[in-house]
Amino acid sequence: MNAAMADSIKLKTSVTLKHQANLGEDVAEVELAAGDELSVLQEWDTAWLAKTSDGKLFNVKKDLAEPA
Numbered sequence: 001m002n003a004a005m006a007d008s009i010k011l012k013t014s015v016t017l018k019h020q021a022n023l024g025e026d027v028a029e030v031e032l033a034a035g036d037e038l039s040v041l042q043e044w045d046t047a048w049l050a051k052t053s054d055g056k057l058f059n060v061k062k063d064l065a066e067p068a
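Each residue of the sequence shown is one higher than the one before, starting from 1 at the first, in our numbering.
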């Protein structure tokens, strides 16, 4: 049986991730600080689909964060 998916993750280090608000719009670089928590929406083998408190979505590689 698989382990339960984490509800949230905490970033291990400061990172800059790319965010595209809508298809066809420019991609923006968003800086996130070490210790920031994001809500997990989906989990894969090597990454999480996570959301910031202001609703921005990111694919976060598992080596950048840990379950909170």
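Even for Gly, the Cβ is constructed at its ideal location relative to N, Cα and C.
Quick caveat: nothing in here was measured; it's all calculated off a predicted structure.
Residue i vs residue j beta-carbon contact at 9 Å
{"i": "W48", "j": "A3", "result": "no"}
{"i": "E37", "j": "S14", "result": "no"}
{"i": "A33", "j": "V40", "result": "no"}
{"i": "L64", "j": "L23", "result": "no"}
For residue i, three-class secondary structure by DSSP
{"i": "L57", "result": "strand"}
{"i": "L32", "result": "strand"}
{"i": "L23", "result": "coil"}
Range covered by the beta strand (DSSP E) that runs through residue i
{"i": "K10", "result": "S8 to L11"}
{"i": "A4", "result": "Here A4 belongs to no beta strand (DSSP E), and DSSP marks it neither H nor E."}
Beta-bridge partners of residue i, as assigned by DSSP
{"i": "K69", "result": "Not covered by the structure: residue 69. The range shown for the chain is 1 to 68."}
{"i": "K18", "result": "E29"}
Contact with chain D by residue i, beta-carbon distance below 9 Å
{"i": "E43", "result": "Protein chains in the displayed structure number just one, and chain D is not present."}
Residue i Cβ short of 8 Å to the ligand NAP heavy atom set
{"i": "A50", "result": "By its list of ligands, the structure shown contains no ligand whatsoever, and the ligand NAP lies outside what it can speak to."}
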